[in-house]
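Below is one structure, written out as structure tokens; comments come after it.
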Ligand code: GLC
Ligand code: CA
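Residue numbers (the numbering used here): 83 to 644.
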């Protein structure tokens with residue numbers, strides 16, 4: 083067992099569970115059909131009411147709010163026009179202060195999304211930058227003129243499809259955008275840009291927010307010579323972005339300098355967290371280097387290993403083992419299953435949900451996420467077993483960043499995973515307080531059965547499973563920060579691993595198989611384990627290690643030492 087499992091102090095963002103809210107569809111407080119801050123305030127008790135014995139709260143420790151700043155909503159808030167104000171759709175700064183205070187009263191931290199790779203093209207900085215090549219803000223964005231005979235400055239692509247360059251008639255030059263043309267990239271090489279962004283960061287930290295999730299945090303810096311990215315040999319991906327080696331528009335050394343500066347700024351405040359999206363097509367290695375050589379960059383780099391994995395124990399375990407090996411000793415891992423950009427896991431892993439019980443997969447996936455070593459990020463509705471709404475009529479789609487991209491192949495819209503939270507079986511799943519108007523995106527048709535209210539009354543529901551699991555985790559130092567060790571080398575149908583501190587061992591066994599029981603063949607002391615949580619054994623009972631795991635069994639067993 084590593085000494086570090088017990089000998090250092092763990093911070094809230096290491097031991098806690100972070101819950102992502104997509105504000106547009108979590109809860110609508112004023113009844114206009116669009117989610118807002120008032121709605122979130124009304125629903126705080128659902129997330130954590132501050133009472134450890136509470137009968138109904140979920141029991142999370144922090145909220146990450148997808149963007150709430152003023153925005154024309156081309157990319158649903160990931161295109162900002164005023165970083166120091168709240169979008170009127172969501173409320174006011176006073177509402178935000180109230181949310182922050184009430185969350186803090188309940189022991190919930192608030193983490194904001196910080197979208198500073200780019201602004202909206204309606205941001206005053208960009209509007210000014212467009213006016214002329216001599217304007218004081220002329221250099222705040224990435225402006226270029228193509229070489230003679232070329233139709234654009236270089237071959238850099240937009241992640242959302244097509245070229246990353248858009249021509250601005252007014253200025254007579256092209257500007258670069260990693261995402262939609264309405265989201266021009268800032269020029270991070272300009273010290274004035276950095277200073278302006280750091281002022282925004284201070285503004286929110288002074289207000290009391292507990293940290294940030296940096297949006298697209300690996301593409302801030304770009305090659306100053308704007309060299310072409312090399313084409314991958316034989317690449318034929320439908321999204322042209324993936325056909326290039328992103329040598330010159332992503333992960334440049336200067337990017338780490340920027341993150342270090344942000345981290346240094348954060349360290350001047352108490353106990354804040356810096357989380358970063360190390361960009362969607364990056365795998366493990368790219369995310370790990372974002373801890374920084376001296377653990378001076380991101381606290382929690384978000385990589386996409388589970389979203390890119392099939393629902394297969396061998397594959398998932400390999401991802402965990404890799405991360406265990408490469409995460410620096412003073413770094414801390416972070417995992418997630420779902421977010422607002424990808425299909426929800428129960429929709430993604432269709433190969434399993436087609437033939438078996440999605441309820442069982444949801445519980446097994448929850449157990450994996452909440453019992454491996456690292457901070458789990460939950461996405462709203464995941465705790466209910468929400469699945470993507472794939473029946474949204476085209477004229478009601480809201481993902482304009484992707485839908486309206488007019489060049490090349492566009493990735494599918496992301497609306498399916500962003501539909502309203504399913505609170506109860508009343509009109510529109512109880513999403514709106516007050517008037518029952520059409521919500522911003524259509525509620526999934528399964529809401530009369532799949533909702534918070536009905537799941538709270540069903541002891542076998544996914545929600546109640548999450549609630550129990552979160553409580554078990556909260557009371558178990560081993561599950562919060564103990565070291566991780568697999569008991570199986572090449573798992574085919576089940577996973578079994580330990581989490582350990584000097585005084586506690588928790589054995590986690592998950593059977594992925596739905597047909598037959600499985601032999602739990604591990605060499606451990608078999609006597610006197612206490613059942614912490616199980617789909618098949620009575621909780622609290624002392625049992626011997628079972629010889630077999632039942633189909634889809636999930637069991638957590640504990641041993642303590644003085
Ligand atoms: C991130 C966000 C995504 C957004 C993009 C551009 O990947 O998660 O929703 O569209 O950045 O800001
Ligand atoms: Ca509203």
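Where is the CB? At the ideal position from N, CA and C, for every residue including glycine.
What three-state label does DSSP hand residue i in the structure shown?
| i | result |
| --- | --- |
| residue 179 | helix |
| residue 267 | strand |
| residue 137 | coil |
| residue 627 | coil |
| residue 645 | Absent from the model: residue 645. The displayed extent of the chain is 83 to 644, so no value can be given. |
| residue 445 | helix |
| residue 489 | Its pLDDT being 49, under 50, residue 489 is placed unreliably by the model, and the measurement read from it follows with that caveat. Residue state, collapsed to three classes: coil. |
| residue 581 | strand |
| residue 510 | helix |
| residue 496 | coil |
| residue 313 | strand |
| residue 90 | coil |
| residue 559 | helix |
| residue 632 | coil |
| residue 516 | coil |
| residue 102 | strand |
| residue 450 | helix |
| residue 407 | helix |
| residue 260 | coil |
Given residue i, which residues of its chain have a CB within under 8 Å of its CB, disregarding the five upstream and five downstream residues?
| i | result |
| --- | --- |
| residue 340 | 270, 276, 302 and 303 |
| residue 96 | 414, 457, 562 and 563 |
| residue 575 | 395, 593, 594, 595 and 600 |
| residue 622 | 612 and 613 |
To which residues of the same chain is residue i closer than 6 Å at the C-beta, ignoring the five residues directly before and after it?
| i | result |
| --- | --- |
| residue 446 | 592 and 636 |
| residue 83 | Annotation note: pLDDT 42 at residue 83 (below 50); position unreliable, no value reported. |
| residue 348 | 354 and 356 |
| residue 85 | With a pLDDT of only 45 at residue 85, under 50, the local geometry of the prediction cannot be trusted, and the value read off the model is given with reservation. For residue 85, where only same-chain residues beyond five positions count, there are no Cβ hits under 6 Å. |
| residue 418 | 459 |
| residue 389 | 424 |
| residue 640 | 588, 612 and 614 |
Hey, would you say the C-beta of residue i is under 7 Å away from at least one heavy atom of ligand 1?
| i | result |
| --- | --- |
| residue 480 | no |
| residue 271 | no |
| residue 591 | no |
| residue 265 | yes |
| residue 193 | no |
| residue 176 | no |
| residue 40 | Limits of the chain in this structure are 83 at one end and 644 at the other, which puts residue 40 out of reach. |
| residue 390 | no |
| residue 331 | no |
| residue 279 | no |
| residue 297 | yes |
| residue 157 | yes |
| residue 301 | no |
| residue 49 | Past the boundaries of the shown model lies residue 49; the chain is included only from 83 to 644, so the question cannot be answered. |
Beta-carbon within less than 7 Å of residue i's beta-carbon, same chain only, minus the 5 sequence neighbours each way: which residues are those?
| i | result |
| --- | --- |
| residue 441 | 467 and 544 |
| residue 120 | 111, 112, 173 and 177 |
| residue 115 | 514, 519, 520, 521 and 522 |
| residue 298 | 199, 260, 359 and 361 |
Hey, would you say the C-beta of residue i is under 7 Å away from at least one heavy atom of ligand 2?
| i | result |
| --- | --- |
| residue 116 | yes |
| residue 110 | yes |
Assuming residue i is part of the alpha helix (DSSP H), what are its boundary residues?
| i | result |
| --- | --- |
| residue 338 | 335-349 |
| residue 427 | 427-430 |
| residue 276 | 273-289 |
| residue 547 | 544-556 |
| residue 458 | No alpha helix (DSSP H) holds residue 458; the beta strand (DSSP E) holding it covers 457-461. |
Let's see if you can read the secondary structure: which residues bound the beta strand (DSSP E) around residue i?
| i | result |
| --- | --- |
| residue 144 | 144-147 |
| residue 415 | No beta strand (DSSP E) holds residue 415; DSSP gives it neither H nor E. |
| residue 249 | 247-250 |
| residue 586 | 586-593 |
| residue 295 | 293-296 |
| residue 567 | 565-568 |
| residue 504 | First-last for residue 504: undefined, no H or E at that position. |
| residue 164 | 164-168 |
| residue 611 | 611-616 |
Taking 8 Å as the cut-off, does the segment 310-326 touch the segment 156-175 (at least 3 CB pairs, one atom from each stretch)? The segment 156-175 makes no contact with the segment 310-326, as fewer than three CB pairs between them are under 8 Å.
Inter-stretch contact at 8 Å, needing at least 3 Cβ pairs: the segment 523-533 / the segment 454-471: Enough Cβ pairs lie closer than 8 Å, so yes.
Okay, do the segment 535-543 and the segment 371-386 touch, 3+ Cβ pairs below 8 Å being the bar? Contact fails: fewer than three Cβ-Cβ distances are below 8 Å.
Spell out a yes or no on whether the segment 272-288 and the segment 215-226 are touching, meaning 3 or more CB-CB pairs, one atom from each, closer than 8 Å. The answer is yes - the segment 215-226 touches the segment 272-288, with three or more Cβ pairs under 8 Å.
Is there contact between the segment 249-264 and the segment 143-161, where contact requires at least three CB pairs shorter than 8 Å? Enough Cβ pairs lie closer than 8 Å, so yes.
Does the count of Cβ pairs from the segment 235-245 and the segment 187-196 closer than 8 Å reach three? They do not touch, by the three-pair rule.
Examine the Cβ distances between the segment 448-455 and the segment 548-563 and report whether three or more of them are shorter than 8 Å. Counting Cβ pairs under 8 Å, three or more are found: they touch.
With three or more beta-carbon pairs closer than 8 Å as the criterion, would you say the segment 491-509 touches the segment 179-187? Fewer than three pairs of CB atoms, one per stretch, sit closer than 8 Å, so the segment 491-509 makes no contact with the segment 179-187.
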